[in-house]
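Engineer:
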Amino acid sequence: MLTLYHWEPNANSGKPILTLEEKGVEFESRYIDLLNFDQHSPDYLKINPNGTIPAMVHDGRMLYESTAMMEYVDEAFDGPPLRPTDPVERWRMRWWMKFLDQFYSPSASMIGWNAFIGPSVRDRDPEELKRKIDAIPLPERRVVWTKAIYGTFSEAELAESARRVRYGAKLMEEQLTRHAWLAGETFSLADINAMNLVYFMPANPLGAVSAEKTPRTMEWLYKMAERPATRRAWARGKTMTTERLKHLVRPSQQSA
Amino acid sequence: MLELYHWEPNTFSLKTLIALKEKGLAFESRYLDPTDFSGEARLPALNLEAENNPETEGPILVHEGQAITESFFILEYLDDAFPDAPLRPGDPEGDWKVRVWARFLGERTAPGVATLGCKAYLVPALRERRLNDASVLDRFKNPERRVAWEQALTDSYSKADLAESRRKVALTVEKIEEALAQSDWLAAERYTMADIAAFAFVNCLPKLAPEVCNEDAAPRTMAWLERIRARPAVREALAMSRTGRPDEAFAPGPEHARWG
Chain F
1 MLTLYHWEPN
11 ANSGKPILTL
21 EEKGVEFESR
31 YIDLLNFDQH
41 SPDYLKINPN
51 GTIPAMVHDG
61 RMLYESTAMM
71 EYVDEAFDGP
81 PLRPTDPVER
91 WRMRWWMKFL
101 DQFYSPSASM
111 IGWNAFIGPS
121 VRDRDPEELK
131 RKIDAIPLPE
141 RRVVWTKAIY
151 GTFSEAELAE
161 SARRVRYGAK
171 LMEEQLTRHA
181 WLAGETFSLA
191 DINAMNLVYF
201 MPANPLGAVS
211 AEKTPRTMEW
221 LYKMAERPAT
231 RRAWARGKTM
241 TTERLKHLVR
251 PSQQSA
Chain D
1001 MLELYHWEPN
1011 TFSLKTLIAL
1021 KEKGLAFESR
1031 YLDPTDFSGE
1041 ARLPALNLEA
1051 ENNPETEGPI
1061 LVHEGQAITE
1071 SFFILEYLDD
1081 AFPDAPLRPG
1091 DPEGDWKVRV
1101 WARFLGERTA
1111 PGVATLGCKA
1121 YLVPALRERR
1131 LNDASVLDRF
1141 KNPERRVAWE
1151 QALTDSYSKA
1161 DLAESRRKVA
1171 LTVEKIEEAL
1181 AQSDWLAAER
1191 YTMADIAAFA
1201 FVNCLPKLAP
1211 EVCNEDAAPR
1221 TMAWLERIRA
1231 RPAVREALAM
1241 SRTGRPDEAF
1251 APGPEHARWG
C-alpha cells in the first residue's frame, strides 16, 4: 500500500510523482493544496509532523525528503532502474541532485515566490494569514513562509538569486553539451529532479533558459516532455503547471 | 589506483579517511592544507562537478583519473564501486534514513560547525600569519568561496551568523541524542555511513561546543563518540594528523542555506 501526499507536479512534490510514474508504480494520490496551507493542517500533521510536502506512506512507514524518497522508490520497487549502474554516473547523478536542491532550485524558487506566489497569497485576510503562519511546525519553514508571503526579500538577495539561476542554467547547458543526460549517457533521477525545476524556466522572466541561450537544455526539455511518464505526471496538476508542459514542444512540431 | 586529496582528519576529510579505512581500501594520501597559501595548490585534473565543489576545501577522491567530490557522495561512491564491507544498511528504508541524515548534516550541521570552527581556530591562525590580506582572495575564482574566505580573513562573522551556527550545532546534538535513545547507531541496528558522516562533525564538538556536547546534556552522544573512536579504522584515520590537533583544523565550509 503506497500513498503519496503531494501538491502540483512541480518542485519537490513533482520529484516523487515523476519517479513513481517512470517506475510504473501505482499509488494513491492525496492532493495537498500548498497555497491553502493544507500541509500545516492538524489532519496532515498527524501524517507528517514536520508539515512538509511531499510525504509518502509505504506499508505504514512515513518517508519525507523528496530526493532521498526518489532513491527509496528506485530501491524498493520493481520497474525500470532509474539510477545508473556505473558508479561514476551514479555519483554524478547525486552531485547534480544536490546542486539542484541546494543551489539552483532555491534561487529560482525565491524569484518565483517573490513574483507570483507571494502576491497571490498576500491579499488574504491578514489575521487568517497570521494564524496560518503560526501553525507552521518547523521554525525554519516559518521564516521561509513569512518572507515569501510578505515579500521581504532584499534587492541584494534577489540579485544574488538571479545570478545563481543564470549560473545554474549555464552549468546545466554545459553538461548537456557533453552528455545526453545529466548523469552521463543514462537517464536518471537527476533528470527527473531537474525537470521539476527547469520545465518552467522558459517562462521565467530572467530568460536564462531559451532556444537562443540554451539550445541543448531546450532539446532535453522536449525529450523530457515527450516521455509518457511526464505526461501522466503533469496531467495530475490542477493549476498552470499542466498548461506549461504544453509549451514544451519543438518549434517544428508546433501546430499553427 | 585510489588517491585522496585531504587535510587533517576533521570534518569533511575525516569522513572520507574513516570510510576508506573501514572498507580496507589502500590509497595514496595527498595531504593538502587549504590554509597554506605559500605555493600553488597541487590539485588533480578536475571535471565540471569537481570545479564547482560546494564543500569548497573538502576532500577529493581520484579513482582511475576521475575526480569525485562532496564527502558524503565519496562515501556512497566507495560503496558503489567497492561493494565489500558495505557502509550502507542495504535495505530501502535504512538507505533512505542514511540519506536523510546526510542531507541534514550537510545542509545544517556542516555550515554551523564550520562557522564556529573558523571563528575559534582559523581566524586567529590567519591573523598570526598576517594573512588578512586581499591578495589571498584573488586565488578564489568562485564567488561563494570568496565570500566565505573573506569572512575568515576579515573576521566578519556577525552575531546573527554565530547564533545561527550555535543553533544548528545544538540541533545536531539534540537529534543525535534522540536517535540514540532508539538504537546504538543512527540509521540502523549497526554502524553505517550515517554514523561516520555525523561523527566527522561531532568528534570536535566536546571542545568546540562544550555547552551542548557534554556528559550531562548529551550522555548518549558522548558514549556513541567513544564507541566510534574505539574502532581501529577510526583510530588509524585520526592518527594521520600531522598537527596533533586535528579537531582545530577548519576551513570555510559550505554556506548556510539562503532560503528554503
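Residue numbers (our numbering), protein chains in the order written: chain F, 1 to 256; chain D, 1001 to 1260.
Note that the Cβ used here is the ideal one computed from N, Cα and C, for glycine as well.
From D:GLU1255, D:ARG1231, D:THR1243, D:PHE1250, pick the residue whose C-alpha is nearest to that of GLY1024 (chain D); which is it?
Structural biologist: Taking only the C-alpha atoms, the option nearest GLY1024 (chain D) is D:ARG1231.
Engineer: Quick check: the region 1201-1212 of chain D against the region 1101-1114 of chain D, are there 3 or more CB pairs under 8 Å?
Structural biologist: Yes: at least three Cβ pairs fall under 8 Å.
Engineer: Does any C-beta atom of chain D lie closer than 8 Å to the C-beta of ARG166 (chain F)?
Structural biologist: Not one chain D Cβ lies under 8 Å of ARG166 (chain F).
Engineer: Just checking: is the beta-carbon of TYR5 (chain F) within a distance shorter than 8 Å of some beta-carbon in chain D?
Structural biologist: Chain D, which has no Cβ nearer than 8 Å to the Cβ of TYR5 (chain F), makes this no.
Engineer: Tell me which residues share the same chain as ILE133 (chain F) and place their Cβ nearer than 8 Å to its Cβ, disregarding the 5 neighbours each side in the sequence.
Structural biologist: Counting only Cβ-Cβ distances below 8 Å, and skipping sequence neighbours, we find ARG142, TRP145, THR146, ILE149.
Engineer: May I have the straight-line CA-CA distance separating ARG1088 (chain D) from TRP1149 (chain D), to the nearest angstrom?
Structural biologist: Computed Cα separation, rounded: 34 Å.
Engineer: Please work out which residues of its chain come closer than 7 Å, Cβ to Cβ, to PHE1027 (chain D), disregarding the five sequence neighbours upstream and downstream, and give them in chain order.
Structural biologist: LEU1002, GLU1003, LEU1004, LEU1020.
Engineer: Can you have a look at LEU1048 (chain D) and say buried or exposed, based on whether 16 or more other CB atoms are within 10 angstroms of its CB?
Structural biologist: Label assigned to LEU1048 (chain D): exposed.
Engineer: Consider the Cβ of TYR1005 (chain D): report whether some Cβ of chain F lies at a distance smaller than 8 Å.
Structural biologist: No, its Cβ sits nowhere closer than 8 Å to a Cβ of chain F.
Engineer: Considering just the uninterrupted stretch of the alpha helix (DSSP H) at VAL209 (chain F), what are its terminal residues?
Structural biologist: From DSSP, VAL209 (chain F) is part of no alpha helix (DSSP H); its letter is neither H nor E.
Engineer: Is the beta carbon of GLY1253 (chain D) less than 8 Å from the beta carbon of ALA1102 (chain D)?
Structural biologist: Not closer than 8 Å, so no.
Engineer: Who are LEU1061 (chain D)'s beta bridge partners in DSSP?
Structural biologist: BP columns for LEU1061 (chain D) point to D:LEU1004, D:ILE1068.
Engineer: Which residues, in order along the region 1071-1093 of chain D, keep a beta-carbon less than 7 Å from a beta-carbon of chain F?
Structural biologist: Those would be PHE1073, GLU1076, TYR1077, ASP1080, ALA1081, PRO1092, GLU1093, in chain order.
Engineer: Between ARG1127 (chain D) and the ligand FMN, is the CB less than 7 Å from at least one heavy atom?
Structural biologist: Among the components modelled here there is no ligand, and therefore nothing to report on the ligand FMN.
Engineer: Report the neighbours of GLN1066 (chain D) on chain F: residues whose CB is nearer than 7 Å to its CB, in chain order.
Structural biologist: Within chain F, the residues near GLN1066 (chain D) are VAL88.
Engineer: Below 8 Å, how does it come out for the region 203-210 of chain F and the region 180-188 of chain F: are there three or more Cβ pairs, yes or no?
Structural biologist: No contact exists between the region 203-210 of chain F and the region 180-188 of chain F.
Engineer: State the start and end residues of the unbroken alpha helix (DSSP H) segment that holds ARG124 (chain F).
Structural biologist: It is not in any alpha helix (DSSP H) - ARG124 (chain F) carries neither H nor E in the DSSP assignment.
Engineer: For the beta strand (DSSP E) holding ARG30 (chain F), just list the boundary residues, first then last.
Structural biologist: Here the beta strand (DSSP E) through ARG30 (chain F) covers 28-31.
Engineer: Compute the distance between the beta-carbons of LEU1105 (chain D) and PHE1037 (chain D), then report whether it is under 8 Å.
Structural biologist: Against a cut-off of 8 Å, the Cβ pair of PHE1037 (chain D) and LEU1105 (chain D) comes out as no contact.
Engineer: Assuming VAL73 (chain F) and LEU20 (chain F) form a contact by the criterion Cβ under 8 Å, report the distance between their Cβ atoms to the nearest whole angstrom.
Structural biologist: Their Cβ separation, rounded to whole angstroms, is 6 Å, which keeps VAL73 (chain F) and LEU20 (chain F) in contact under 8 Å.
Engineer: Which residues in the same chain as SER66 (chain F) place their Cβ atom closer than 8 Å to its Cβ, once the five residues preceding and following it in sequence are excluded?
Structural biologist: So the list reads ASN12, SER13, LYS15, PRO16, PRO54, once near-sequence residues are dropped.
Engineer: Determine whether the Cβ of VAL144 (chain F) lies closer than 8 Å to any Cβ atom of chain D.
Structural biologist: It does: the Cβ of VAL144 (chain F) has a partner Cβ on chain D nearer than 8 Å.
Engineer: By the criterion of Cβ-Cβ separation under 7 Å, what are the contact partners of MET110 (chain F) in chain D?
Structural biologist: Here the neighbours are TRP1259.
Engineer: Can you give me the Cβ contacts of SER1135 (chain D) inside the same chain, cut-off strictly under 6 Å, excluding the 5 residues immediately before and after it?
Structural biologist: Taken in chain order, the list of residues that qualify is empty.
Engineer: To the nearest angstrom, report how far apart ALA169 (chain F) and LEU189 (chain F) are at their CA atoms.
Structural biologist: Answer to the nearest angstrom: the Cα atoms are 18 Å apart.
Engineer: Below 7 Å between beta carbons is the criterion; list the residues of the region 1094-1128 of chain D that meet it against any residue of chain F, in chain order.
Structural biologist: Under the 7 Å Cβ criterion, the region 1094-1128 of chain D contributes ASP1095, TRP1096, ARG1099, VAL1100, ARG1103, GLU1107.
Engineer: By alpha-carbon positions, which one of F:ASP59, F:PHE116, F:ARG94, F:ARG216 ends up nearest to HIS179 (chain F)?
Structural biologist: Of the candidates F:ASP59, F:PHE116, F:ARG94, F:ARG216, the one whose C-alpha sits nearest the C-alpha of HIS179 (chain F) is F:ARG216.
Engineer: Quick check: LEU245 (chain F) and TRP234 (chain F), are their CB atoms within less than 8 Å of each other?
Structural biologist: Yes, Cβ-Cβ distance for LEU245 (chain F) and TRP234 (chain F) is below 8 Å.
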